[in-house]
Structures are given as structure tokens and as C-alpha cells.
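For what it's worth, this note's numbering labels the leading residue of the sequence shown as 479, then goes sequentially.
Note that the Cβ used here is the ideal one computed from N, Cα and C, for glycine as well.
These notes concern the structure reproduced below.
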Amino acid sequence: MSNTFHGWKNKKQKEEDEEWLGIIRRRREIALENKDKVIVFVENKYGIFYMAEVMVLLGVIVKELPEGVVSRNKIYRRYGIKGNGSP
């Protein structure tokens with residue numbers, strides 16, 4: 479009976495360890511997915527943008543732009559904003 483209990487206990491511990499490892503792995507994935515994003519607050523509104531987009535909108539020269547980030551106008555169109563920055 480003791481061997482059965484220890485076997486069950488070890489199996490249970492292994493399952494808990496794997497579950498914990500799964501949580502850590504998922505958190506790491508989420509961090510990688512969002513590492514180049516920023517939250518921008520303007521008055522009572524906010525938006526989540528890619529950092530390169532914010533830099534382009536601020537007029538900063540970005541050495542290597544991600545795919546799809548070409549110009550201010552393209553960024554404005556992507557988010558449905560008129561060229562002067564107002565919706």
C-alpha cells in the first residue's frame with residue numbers, strides 16, 4: 479500500500495509541476511507577443527500601438543521598420559484616423 483501511495487503522490491506532484499511549467503511558458507509567450515507594444519493615453523481614451531508606429535508618428539527616424547509600418551498616412555489609415563490626427 480505504501481508503494482501505491484508514493485506512486486500516486488509522485489504522479490500528482492509531476493502533474494502539478496507540469497501545470498506550473500505550462501503557466502510559466504504561457505506567460506513567456508505573452509511577453510514575447512507584446513514586447514514591442516505600448517499603451518498610449520490621450521485624455522480619457524487609450525490605444526495599444528506598436529512602438530515603431532508611435533515613433534513614426536512622433537517624427538523619430540526608425541532604422542528598421544516592421545512590415546506594414548511605412549508612413550504616417552498609412553498608420554492613420556490603419557487605425558481609421560484622418561491625416562491631421564483627429565478621428
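Following the continuous alpha helix (DSSP H) through V534, name the residue where it begins and the one where it ends.
-> 529–535
Delimiting residues of the beta strand (DSSP E) encompassing I553 | Careful: I553 lies outside any beta strand (DSSP E), inside the alpha helix (DSSP H) at 550–556.
Answer yes or no: do F527 and K541 have a C-beta to C-beta separation smaller than 8 Å?
-> no
Give me the Cβ distance between I553 and V534, rounded to the nearest whole Å; I'm assuming they're in contact under 8 Å.
-> 6 Å
With 16 other Cβ atoms within 10 Å as the buried cut-off, status of A530 | buried
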